[in-house]
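Using the UniProt record's numbering, read the sequence shown as starting at 1 and increasing by one per residue.
Glycine included, every Cβ here is placed at the ideal spot set by N, Cα and C.
Quantities reported herein were computed from a predicted structural model and do not represent experimental measurements.
Below is one structure, written out as structure tokens, with a few remarks after it.
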Amino acid sequence: MTSRKLMFTASNESFWLKSETEADTLGEAYDYESVMHYPHNAFSKPGVVSTLLPKRPEVQPESLGKAYREDFLTDTDIKKLHVLYTCGKEFTKQ
């Protein structure tokens, strides 16, 4: 969920929703911590705490984009890379 009133308008196209048929998850579940996920305060105006809030209440907003902020790939990120670049079934996290 986005709080569009709390973010800079120049970035709104970054938050366009895609239907399940448009978004290809490569067979993986949604990964809130993915290196490709925006952090909870992405594009926020000064003083705004969160512009993105997870739909699942058990997911903390601070976990959004954790892999990007902490410089690692999640298992899901690695699996998707292996599928996209035809690396085979085995993957390792180093």
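Query, Result
"Pairwise C-alpha distance: TYR30 and SER19", "13 angstroms"
"Whole alpha helix (DSSP H) elements within the UniProt domain \"Peptidase M12A\" (1–88), 4-residue minimum", "66–70, 75–84"
"Beta-carbon gap between PRO57 and HIS40 smaller than 8 angstroms", "no"
"Cutoff 6 angstroms; reference GLU33; Cβ partners in own chain excluding five residues on either side", "SER63, LYS66, ALA67, THR74"
"Close-in-space but distant-in-sequence residues of the same chain around LYS80 (CB under 7 angstroms, 5 per side omitted)", "LEU26, GLU28"
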